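Asker:
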Amino acid sequence: MNARGLARWAAWLAAAAALTAVMAAVRGDLEKVHVALAYLLLVLAASARETRALGLAVAVAAFLGFNFFFLPPYETFGLADRRDWLVLFTFLAVAAVATQLLHRARHGAAEVERLSVEAKRAAALGEADRLKDALIASVSHDLRTPLTTIKALAHDIRSDGDERAVTIEEEADRLNRFVADLLDLSRLAGGALAVAPEINAAEDLVGAALQRASGALGGRGVAVSLDPAEPLLLGRFDFVHALRVLVNLLENAHKYSPPGTAVEVAARRVGDGLELAVADRGPGVPPAERERIFEPFYRPAGSSPDVGGAGLGLSIARRLAEAQGGTLRYEAREGGGSRFVLRVPAADVAELDAGGAAVPTRESL
Ligand code: ADP
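With the working numbering, the residue at position 65 of the sequence shown is 136, and numbering never jumps.
And the structure:
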């Protein structure tokens, strides 16, 4: 307890002593009930203003004072009339219960106040978030038209033989991708992106992702491993969105790992999930940043501005995974490097039968 706490205890116990002294001076004119009520008032005042412990302490002090000074024989703790024990203990019980009730009422009020402050803060944050999303949506929409014009003009200039136009076109493309990502992020945040999970084969998805990422991979080989224990790996996911996640992971693996090191894609069933993992032998991600890399615009301090984009890829990927009931997580790789795992709900061949769809075979996929 600090000095201030001690002073309050001392003040209330002194008040109990003062009340006792005043009542003792006029003891002849008082009945038991007057003494009990006066003490009770003091206990209630202490409990209402101070802590429960202090309220109880004042109750015990009053109990002792009552017994010692006001119940015969006076100035002893003994009692001549045994019925006075009943009076005393009733007094103590009432004082203790009142203290407890007051404490609970105050606690409840504090809780309500805390909740209301939190609710207000959440509402303010929600409003700020909505504003930010609306701003992003409108700015990115308005940027698209001038970008298209710039690109078209650069194209014209290039056909006139000015090679600098290539850079303009490339930069316009980069901005365009950034704007598209921003738009998607705001749609995902607002729950406005359509998601259509269906039963698909992992092999299909991996094949399509490799094809889509082949340009970015620049001829780098990717080792694919599909769980040999499962003849047909099926999952329930939105093909287009899952494809985008996987392509993004492949591009990152390529961007952030040294040329010549292996990039691997693996698919396997784990429990009731289908897991698609993209692994590389790059530097990995330090423990402190393993969650932050999934936040929008987060790029680790010191990362090169020339590699990668604005730090939107992984946040979009994770939201896309979650929008279809899946997850996207990072795992440190034994022997160095990163592994990003997209997990979606697994599906069984029997579910395909039940749906009346044709059962795909490895050959037909
Ligand atoms: P960007 O690539 O545009 O910076 P991302 O959201 O895709 O944005 O990635 C965020 C950050 O996570 C990257 O800047 C990079 O530091 C880190 N990161 C992503 N993938 C990998 C990887 N395969 N290996 C190491 N670091 C990675």
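We treat Cβ as the ideally placed atom computed from N, Cα and C, and that holds for glycine.
As the structure is a prediction and not an experimental result, all values here were calculated from the model.
#1: Between which residues of its own chain and A273 is the CB-CB distance below 8 Å, once the five residues before and five after are set aside?
#2: Taking three-plus beta-carbon pairs below 8 Å as touching, is the stretch 231–244 in contact with the stretch 357–375?
#3: If you check the beta carbons only, do A151 and A87 fall under 8 Å apart?
#4: Express the C-alpha separation of A130 and R177 in angstroms, rounding to a whole number.
#5: Would K191 pass as a contact of F141 if the rule is Cβ separation under 8 Å?
#6: In the DSSP assignment, find the unbroken beta strand (DSSP E) run with V188 in it and report its ends.
#7: Check for me: the alpha helix (DSSP H) holding V104 runs from which residue to which?
#8: Can you list, in chain order, the residues of its chain whose CB lies under 7 Å from that of S435, leaving out five sequence neighbours each side?
#9: Are L281 and L314 touching if we call contact CB-CB under 8 Å?
#10: What span of residues does the alpha helix (DSSP H) with A81 cover, start to end?
#11: What whole-angstrom Cβ distance do V106 and F137 have, given they're in contact under 8 Å?
#12: Decide if G290 is buried, meaning its Cβ has at least 16 other Cβ atoms within 10 Å, or exposed.
#13: Can you check whether the CB of A324 is closer than 8 Å to the CB of V295?
#14: Check each candidate in V183, L246 and V188 and name the one with the smallest Cα separation from D213.
#15: Is R248 close to ligand 1? I mean its beta-carbon at under 7 Å from any heavy atom of the ligand.
#16: Just to confirm my understanding: we take G380, look at its own chain, exclude 5 residues before and 5 after, and list those with CB closer than 8 Å. What are they?
#17: Going by C-alpha to C-alpha distance, which of R185, D255 and R79 sits closest to I387?
#18: Let me have the residue list for ligand 1: C-beta closer than 7 Å to any non-hydrogen atom, ordered along the chain.
#19: What's the C-alpha gap between F162 and F148?
#20: Cα-Cα, which of A96, H312, A195 and L202 is closest to E269?
#21: Would you kindly report the start and end of the unbroken alpha helix (DSSP H) that includes S257?
#22: Do R390 and L259 have their C-beta atoms within less than 8 Å of each other?
#23: Evaluate D351 with the Cβ neighbour count: other Cβ atoms within 10 Å of its Cβ, from every protein chain shown; 16 or more gives buried, anything less gives exposed.
Answerer: So, from the listed chains and residues:
#1: Contacts found: L297, L304, L305, G306, A338, L345 and L347.
#2: Below 8 Å, too few C-beta pairs join the stretch 231–244 and the stretch 357–375 to call them touching: fewer than three.
#3: For A151 and A87, no; Cβs fall outside 8 Å.
#4: Each residue's Cα considered, the two are about 18 Å apart.
#5: No. Outside cutoff.
#6: If you look at V188, you'll find it isn't in any beta strand (DSSP E); it sits in the alpha helix (DSSP H) that goes R154 to S230.
#7: DSSP places V104 in the uninterrupted alpha helix (DSSP H) bounded by K103 to R120.
#8: Here the model assigns S435 a pLDDT of 43, short of 50, so the residue's position is not dependable, and the following value carries that caveat. Annotation for S435: no residue places its beta carbon closer than 7 Å to its own, counting only its chain and skipping 5 residues before and after.
#9: Not in contact: L281 and L314 (Cβ atoms no closer than 8 Å).
#10: From DSSP, the alpha helix (DSSP H) with A81 extends over A74 to A96.
#11: 6 Å between Cβ atoms; contact.
#12: Of the residues assessed, G290 falls on the exposed side of the cut-off, its CB having fewer than 16 other CB atoms within 10 angstroms.
#13: Contact: no.
#14: In this structure, L246 is the residue among V183, L246 and V188 with its C-alpha nearest to the C-alpha of D213.
#15: Taking 7 Å as the cut-off, the C-beta of R248 does not count as close to any heavy atom of ligand 1.
#16: Within the same chain, G380 has close Cβ partners R245, R248, F249 and D252.
#17: The shortest CA-to-CA distance from I387 to any of R185, D255 and R79 is the one to D255.
#18: That query returns the following residues: N319, N323, A324, K326, Y327, S328, D351, G353, P354, G355, V356, I364, Y369, R370, P371, S374, G379, G380, A381, G382, L383, G384, L385, S386, S409 and F411.
#19: Between F162 and F148, the C-alpha separation is close to 16 Å.
#20: Among A96, H312, A195 and L202, the Cα nearest to that of E269 belongs to H312.
#21: Where S257 is concerned, the enclosing alpha helix (DSSP H) starts and stops at R235 to A260.
#22: Yes, these two residues count as a Cβ contact at 8 Å.
#23: That one is buried.
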